[in-house]
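Per my numbering: the sequence shown = residues 1187 to 1314.
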Amino acid sequence: MIVRDLISVANSERDIFWGAGRSRRFLIESDNMGYSLTDTVIEAGTESVLEYKNHMETCYCIEGEGWVENLDTGERFEIRPGVMYALDENDKHILAATKTMRLVCVFAPALKGFEAHNLSAAGESSSY
């Protein structure tokens, strides 16, 4: 059985600056669960172009506000507590926080644990 709390994960090697906030990684590849579980913070005022080429991701908002836009279809969805979105086709997307957001995220297959985005290239997506 694996038991971890946010206090023990925060400020450890599992607390990663991902590019526009923090990703506290409760489960990673070395935990042998086949998926990762994160508590991810997206800082207010950020907009990030993202694309997961090697992982499926599902996110559930527990705090804050923002939106996600599918860059292939132009569809835009508001995010607030109680809203879930799933990137079921490795969707290239923009994730924006109008108020600092907290998302509980599941990645499959599992993250190795150290992955972070490179958000410096204007208009280019960052992936892992």
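Backbone N, C-alpha and C fix where the C-beta goes; we use that ideal spot for every residue, glycine too.
Beta-carbon gap between residue i and residue j smaller than 8 Å
{"i": "residue 1255", "j": "residue 1280", "result": "yes"}
{"i": "residue 1187", "j": "residue 1296", "result": "no"}
{"i": "residue 1237", "j": "residue 1278", "result": "yes"}
{"i": "residue 1252", "j": "residue 1234", "result": "no"}
Euclidean distance between Cα positions of residue i and residue j
{"i": "residue 1283", "j": "residue 1222", "result": "22 Å"}
{"i": "residue 1215", "j": "residue 1231", "result": "31 Å"}
{"i": "residue 1210", "j": "residue 1225", "result": "5 Å"}
{"i": "residue 1194", "j": "residue 1276", "result": "31 Å"}
{"i": "residue 1272", "j": "residue 1241", "result": "11 Å"}
{"i": "residue 1266", "j": "residue 1203", "result": "22 Å"}
Limits of the alpha helix (DSSP H) - the one that residue i falls within
{"i": "residue 1290", "result": "First-last for residue 1290: 1279 to 1294, but that is the beta strand (DSSP E), not the alpha helix (DSSP H)."}
Residue-chain proximity (residue i, chain B), Cβ-Cβ < 8 Å
{"i": "residue 1234", "result": "Absent from the structure: chain B. Only one protein chain is present."}
Residue range of the beta strand (DSSP E) that includes residue i
{"i": "residue 1262", "result": "1262 to 1265"}
{"i": "residue 1252", "result": "1242 to 1256"}
Subject >> Inside the stretch 1188 to 1234 only - alpha helix (DSSP H) runs reaching at least 4 residues >> reply: 1192 to 1195
Original post:
If you pair each beta-carbon of the stretch 1248 to 1262 with each one of the stretch 1189 to 1205, do three or more pairs fall below 8 Å?
Top reply: no
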